[in-house]
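Data first, discussion second: the structure below is written as structure tokens.
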Amino acid sequence: MRPSKWIPIPLIATWALAGVLGGCSTGAKNSQDGPGASSNPVEPTKPHVSAIVCSPEQLVKEFSESTNPVASEDAAKGKVYEVTAPISSIGTASMGGTDLYIVFEAHTDKIPSPSVQFRYPASFRSQVATLKVGDTVKCVGSFDKVEFGGDVAFNATELSKP
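Residue numbers for the sequence shown follow the working numbering, beginning at 5 and rising by one.
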């Protein structure tokens with residue numbers, strides 16, 4: 005007899021891979037996840053993606069302070085991360101670019117002034133325009149790269165105030 009609640013093997017493997025990141029956690033991002041969840045998704049046409057929840061400091065330690073940064077970057081390709089923190093700066097791409105950046109400072113002992121940057125497409129302009137330095141926001145996006153100087157960059161897909 006099969007238990008009434010079971011977790012598919014690929015999901016367990018995903019959780020195990022996500023656990024490789026020091027201190028980051030995966031969290032239920034769908035209001036129907038968790039106890040009492042129905043088998044019907046909220047949005048059947050859109051696949052559910054859980055983000056790996058981290059602080060800016062955890063991300064800098066994982067990617068910039070890693071003893072093997074190339075392996076850390078390779079392991080992060082295609083993964084979605086979530087950061088909720090106060091904004092340290094907001095800007096646009098240099099040389100006439102249309103991308104918008106929300107930057108979080110990450111205070112660590114090893115790198116003088118690293119940051120975590122979420123790059124938003126121009127379609128977020130009106131939403132970003134309502135924000136100011138010091139506002140706490142939730143940014144979600146896929147890992148892009150570690151910039152020169154230890155900054156960690158993400159291609160952002162979601163922005164909200166918690």
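The C-beta atom is built at its ideal place from N, Cα and C for all residues, glycine as well.
Among the options, which residue has its Cα nearest to the Cα of residue i?
| i | options | result |
| --- | --- | --- |
| Glu-151 | Cys-58, Val-64, Leu-135, Ala-55 | Val-64 |
| Ser-127 | Glu-61, Thr-102, Lys-165 | Thr-102 |
| Ala-160 | Phe-122, Thr-71, Cys-58, Glu-61 | Phe-122 |
| Gln-131 | Ile-106, Ala-80, Lys-149 | Ile-106 |
Check whether the Cβ atoms of residue i and residue j lie closer than 9 Å to each other.
| i | j | result |
| --- | --- | --- |
| Gly-138 | Val-84 | no |
| Phe-147 | Gly-82 | yes |
| Ser-76 | Phe-67 | yes |
| Glu-86 | Lys-149 | no |
Assign residue i to buried or exposed, taking buried as 16 or more other Cβ atoms, counted over all protein chains shown, within 10 Å of its Cβ.
| i | result |
| --- | --- |
| Arg-129 | exposed |
| Ser-164 | exposed |
| Ile-13 | Confidence at Ile-13 is low in this model, with a pLDDT of 42, below 50, so the placement of that residue is unreliable and no value is reported for it. |
| Gly-95 | exposed |
| Pro-125 | exposed |
| Gly-153 | exposed |
| Val-74 | exposed |
| Asp-78 | exposed |
| Ala-55 | buried |
| Ser-80 | It is worth fixing the name first, because residue 80 is Ala in this sequence and not Ser. The residue in question, Ala-80, is buried, as its Cβ has 16 or more Cβ neighbours within 10 Å. |
| Val-156 | buried |
| Pro-39 | Note on Pro-39: pLDDT 45, under 50, position unreliable in the model; no value is reported. |
| Asn-44 | Residue confidence for Asn-44 is low, a pLDDT of 37 falling below 50, so the modelled location carries little weight; the figure read from the coordinates is stated next. The residue is exposed, with fewer than 16 neighbouring Cβ atoms inside 10 Å. |
Quick one: what's got a C-beta closer than 8 Å to residue i's C-beta in the same chain, skipping five residues either side?
| i | result |
| --- | --- |
| Thr-4 | No answer is possible for residue 4: the residues shown for the chain start at 5 and end at 166. |
Once the 5 residues before and after residue i are set aside, which same chain residues still bring their CB inside 6 Å of it?
| i | result |
| --- | --- |
| Glu-109 | Ser-92, Ser-119 |
| Glu-162 | Val-144 |
| Asn-72 | none |
Quick one: what's got a C-beta closer than 7 Å to residue i's C-beta in the same chain, skipping five residues either side?
| i | result |
| --- | --- |
| Thr-112 | Glu-61, Val-64, Lys-65, Glu-69, Pro-118 |
| Met-5 | Residue placement at Met-5 is poorly supported in this model, since its pLDDT is 48, which falls under 50; the coordinates still yield a value, given next. Taken in chain order, the list of residues that qualify is empty. |
Nearest chain D C-beta to residue i closer than 9 Å, yes or no?
| i | result |
| --- | --- |
| Gly-138 | Here there is only one protein chain, and chain D is not present. |
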